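Chemist:
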Amino acid sequence: MYRGIGLKGLPEAIEEIWPQATVQQCVVRLVRSSLRYASKAHWSRLTKELRRIYTAPTEAAAEQRFAEFDTEWGHRYPAIIRLWRDAWPTFVPFLAFPAEIRKVIYTTNAIESLNARFRQATRRRGHFPTEQAALKVLYLVIRQPLNPFHPRAA
165 MYRGIGLKGL PEAIEEIWPQ ATVQQCVVRL VRSSLRYASK AHWSRLTKEL
215 RRIYTAPTEA AAEQRFAEFD TEWGHRYPAI IRLWRDAWPT FVPFLAFPAE
265 IRKVIYTTNA IESLNARFRQ ATRRRGHFPT EQAALKVLYL VIRQPLNPFH
315 PRAA
């Protein structure tokens, strides 16, 4: 499974190289992109309505909820409707998974956070004497918990 942030052309390239791969759009990014087309006054209501779509129990239920969203908001924000329609093929794959797994795969935030921690750790040191030293630092970053109050953080 490839989880991406919607870079143009990348999902198609992934599917061409790995035909069996599932391409999953980052739902959080999709919602954030939607809000760019909306008035700030409507953000709260829009996010609540969009949440109904991506938390639907099945793809059919998500389609039904999207149709309701379109009816309510489509006249005011056609760009949001167009955005979701264009992203639909890469949005729906995660709906086939159980709710527990969806929580893990609906966003790329955890991966982005880990990458940011890798960059921070490697920038602090500037350079490494060997490849093994660099790998050791990356390993230590992975072992360090995100929560500083976690018992393993001490």
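Start counting at 1 in the sequence shown, then tack on 164, and there's your number in the numbering used here.
Yeah, the Cβ is synthetic: ideal placement off N, Cα and C, and Gly gets one too.
Quick caveat, the model's predicted, so the values are computed rather than measured.
List in chain order: all unbroken alpha helix (DSSP H) runs of 4+ residues lying wholly within the stretch 225-263.
Modeler: For the stretch 225-263, whole alpha helix (DSSP H) runs of length 4 or above, ordered along the chain, are 242-255.
Chemist: Closest to Pro242 by CA distance: which of Gln189, Leu278 and Tyr201 is it?
Modeler: Here residue 242 refers to the residue found at position 78 when the sequence shown is read from its first residue. Comparing Cα positions, the closest option is Tyr201.
Chemist: When you compare the stretch 254-268 with the stretch 217-224, are there three or more beta-carbon pairs, one atom per stretch, that lie closer than 8 Å?
Modeler: Yes, the stretch 254-268 is in contact with the stretch 217-224.
Chemist: What is the rounded straight-line gap between the Cα of Val191 and the Cα of Gln296?
Modeler: On the sequence shown, residue 191 is found 27 positions in, with the first residue counted as 1. On the sequence shown, residue 296 is found 132 positions in, with the first residue counted as 1. Their Cα atoms are separated by approximately 36 Å.
Chemist: Under 6 Å Cβ to Cβ from Pro230, same chain only, skipping five residues before and after it: list those, please.
Modeler: The residue given as residue 230 occupies position 66 in the sequence shown. In the sequence as presented, Pro is not what sits at residue 230; that position holds Phe. Once the five neighbours on either side are set aside, the close Cβ partners of Phe230 are Ile217.
Chemist: Between which two residues does the alpha helix (DSSP H) holding Ser208 run?
Modeler: Within the sequence shown, numbered from 1, the residue matching residue 208 stands at position 44. Its alpha helix (DSSP H) spans residues Trp207 to Tyr218.
Chemist: Roughly how many angstroms lie between the CA atoms of Leu214 and Ser198, to the nearest whole one?
Modeler: Here residue 214 is taken as the residue at index 50 of the sequence shown, counted from 1. Here residue 198 is taken as the residue at index 34 of the sequence shown, counted from 1. Each residue's alpha carbon lies about 9 Å from the other.
Chemist: Compare the C-alpha of His219 against each of His239, Ile245, Asn279 and Phe255 and name the closest.
Modeler: As a position in the sequence shown, residue 219 is number 55, starting the count at 1. In the sequence as presented, His is not what sits at residue 219; that position holds Thr. Per the Cα distances, Phe255.
Chemist: Are the beta-carbon atoms of Ala298 and Phe292 separated by less than 8 Å?
Modeler: Taking the sequence shown and counting its residues from 1, the one referred to as residue 298 is at position 134. Taking the sequence shown and counting its residues from 1, the one referred to as residue 292 is at position 128. Yes. Within cutoff.
Chemist: Buried or exposed: which applies to Ala318, given that a residue is buried once 16 or more other Cβ atoms fall within 10 Å of its Cβ?
Modeler: On the sequence shown, position 154 is the one that residue 318 refers to. Residue placement at Ala318 cannot be trusted, given a pLDDT of 43 that sits under 50; what the coordinates show is reported in the next sentence. The residue is exposed, with fewer than 16 neighbouring Cβ atoms inside 10 Å.
Chemist: Counting only the same chain and skipping the five closest in sequence on each side, list residues whose C-beta sits under 6 Å from that of Asp234.
Modeler: The sequence position of residue 234 within the sequence shown is 70, counting from 1. Once the five neighbours on either side are set aside, the close Cβ partners of Asp234 are Ile245.
Chemist: Below 6 Å CB to CB, which residues in the same chain sit around Leu210 once its five sequence neighbours on both sides are set aside?
Modeler: Here residue 210 refers to the residue found at position 46 when the sequence shown is read from its first residue. Answer for Leu210: Ala202, listed in chain order.
Chemist: Determine the burial state of Ala185: buried for a count of at least 16 other Cβ atoms within 10 Å of its Cβ, exposed for fewer.
Modeler: On the sequence shown, position 21 is the one that residue 185 refers to. It is exposed - the Cβ of Ala185 has fewer than 16 other Cβ atoms within 10 Å.
Chemist: With DSSP as the reference, label Gln189 as helix, strand or coil.
Modeler: Locating residue 189 in the sequence shown gives position 25, where the first residue counts as 1. Note: Gln189 maps to strand in three-state DSSP.
Chemist: Where Ile181 and Gln228 are concerned, what is the direct C-alpha to C-alpha distance, given to the nearest angstrom?
Modeler: Numbered from its first residue, the sequence shown carries residue 181 at position 17. Numbered from its first residue, the sequence shown carries residue 228 at position 64. Rounded to the nearest angstrom, the two C-alpha atoms are 33 Å apart.
Chemist: Taking only three categories from DSSP, how would you classify Arg288?
Modeler: The residue given as residue 288 occupies position 124 in the sequence shown. Three-state DSSP puts Arg288 in a helix.
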